[in-house]
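Inspection log for the structure reproduced underneath, given as structure tokens.
In this note's numbering, the protein residues as written are 473 to 684.
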């Protein structure tokens, strides 16, 4: 099993968390997207969309972090990252997609670079853009959590797909100095995750390509 990823990519971070939670060994292959390595011919032959992560298993390659994690959950069902019941699975997917589909696309590296390079936006304005959309999205996430029963993690007492998505978003938000005030359940879930060895081992500082 090979994982092509970038230490700072939140999508890659999601998959690293899932792999650690399931105790799956893999070869770590860094692709430095800030330097444009994902656009080079070698990686283009691996990833048609020129994105990370890509998971390679027995010569088969999978892109898109959410699809990868659900594949891992289906092929290695324990510990489960989605609830057994249909409603529970829908709840967890909704939480995960609040991060992966609503927050993350607006703040991906290629979007931030486009704002500065092509639109002429200042670094201060770019950072304000980032903080605004992350904060707005996390407030929605908190409202979703408030409708659910009390739990240690995002949904229930063990990490799910939702936690795999939330933790990397908080990490990136910290880099941009997003305010997390007034998000008690969101941050409690984050703290519960970071108390687990799997999340510690998956974080950017534990990656072989980590840099300041």
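Just so it is clear, CB atoms sit at the ideal spot from N, CA and C, and this is done for glycine as well.
- In the structure shown, the three-state DSSP call for residue 535 is strand.
- Pairing residue 495 with residue 605, the inter-Cα distance amounts to about 33 Å.
- Secondary structure at residue 502: strand, using DSSP grouped into helix, strand and coil.
- With fewer than 16 other Cβ atoms inside 10 Å of its own Cβ, residue 594 counts as exposed.
- Counting along the chain, residue 586 sits inside the alpha helix (DSSP H) bounded by residues 581-589.
- Boundaries of the beta strand (DSSP E) harbouring residue 528: 526-529, taken from the DSSP string.
- Contiguous alpha helix (DSSP H) elements confined to the stretch 602-674 occur at 633-647, 656-666 and 669-674, taking only those with 4 or more residues.
- Excluding sequence positions up to five before and after residue 505, its CB lies within less than 7 Å of the CB of 478, 481, 524 and 581, all in the same chain and listed in chain order.
- Under the three-pair Cβ rule at 8 Å, the stretch 548-558 counts as touching the stretch 619-636.
- Remark: C-beta atoms of residue 541 and residue 476 do not approach each other more closely than 8 Å.
- Contact annotation: residue 641 and residue 571 have beta-carbon atoms nearer than 8 Å.
- Apart from the 5 residues on each side of it in sequence, residue 664 sits with its Cβ closer than 7 Å to the Cβ of 624 and 625 in its chain, given in chain order.
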